[in-house]
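Chemist: Below is one structure. I have some questions about it.
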Amino acid sequence: MKSVFISLLSILSIIGCKGYTNLNIDEFEKMIAEDPTVQLVDVRTPEEFAAGHLEGAINIDWKADDFMQKAESLLSKDRPVLLYCRSGRRSADAGASLDAASFKAYNMLGGILAWTAAGKPVTVE
């Protein structure tokens, strides 16, 4: 039985059980436009967020000790959570954590760097 469990864990690590869904820039933008229930979350630091973010995004800093507590209090598990950061790494990590907590998470590949490189708008507040 133990060898079956170890084999299963090995297979899962090989195929990449990340739990969240990666979206390219166009898919991410389309989901924002077509689904009014999405929750758009910028997981960068407050300073990065203030320098420019996607319109309608809220900021929950992945690096903060209370990330999951804030996510649990601000986000609904019944609605999709669209995540982005600078390059896609932090939002991927956040997506995995949110998925483990039963959120339906989507990660924007390439982050805001890819978004702006594609000529998409950002908001500065």
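The opening residue of the sequence shown carries number 9 in the working numbering; numbering runs sequentially from there. In this text, a Cβ means the ideal position worked out from N, Cα and C, and glycines have one as well. What you are looking at is a predicted structure, and each value in this text was computed from that prediction instead of being measured.
#1: So Gly103 and Tyr28 are in contact, right, with Cβ under 8 Å, and what is the actual spacing, rounded?
#2: Which partner residues of Tyr28 appear in the DSSP bridge assignment?
#3: Between Leu106 and Ser99, what straight-line distance do the alpha-carbon atoms span, to the nearest angstrom?
#4: Can you name the start and end residues of the beta strand (DSSP E) that Leu90 belongs to?
#5: In chain order, what residues of the same chain have a beta carbon less than 8 Å from the beta carbon of Ala108, not counting five sequence neighbours either side?
#6: Could you tell me the alpha carbon to alpha carbon distance between Met39 and Ala59, rounded to whole angstroms?
#7: According to DSSP, is Ile40 part of a helix, a strand, or is it coil?
Modeler: With the given structure in hand:
#1: In the sequence shown, counting from the first residue as 1, residue 103 sits at position 95. In the sequence shown, counting from the first residue as 1, residue 28 sits at position 20. Confirmed, about 3 Å.
#2: Reading the sequence shown from its first residue, position 20 is the one you call residue 28. Among the bridge pairs identified by DSSP, Tyr28 is matched with none.
#3: Translated into positions along the sequence shown, residue 106 becomes position 98. Translated into positions along the sequence shown, residue 99 becomes position 91. Spanning the two alpha carbons is a distance of roughly 10 Å.
#4: Working through the sequence shown from its first residue, we reach residue 90 at position 82. Residue range Val89 to Tyr92 is occupied by the beta strand (DSSP E) that includes Leu90.
#5: Taking the sequence shown and counting its residues from 1, one reaches residue 108 at position 100. Result list for Ala108: Gly27, in chain order.
#6: The residue labelled residue 39 in the question sits at position 31 within the sequence shown. The residue labelled residue 59 in the question sits at position 51 within the sequence shown. In a straight line, the C-alpha of Met39 is about 24 Å away from that of Ala59.
#7: For the purposes of this step, residue 40 is taken as residue 32 along the sequence shown, with counting starting at 1. Per DSSP, reduced to three states, the secondary structure at Ile40 is helical.
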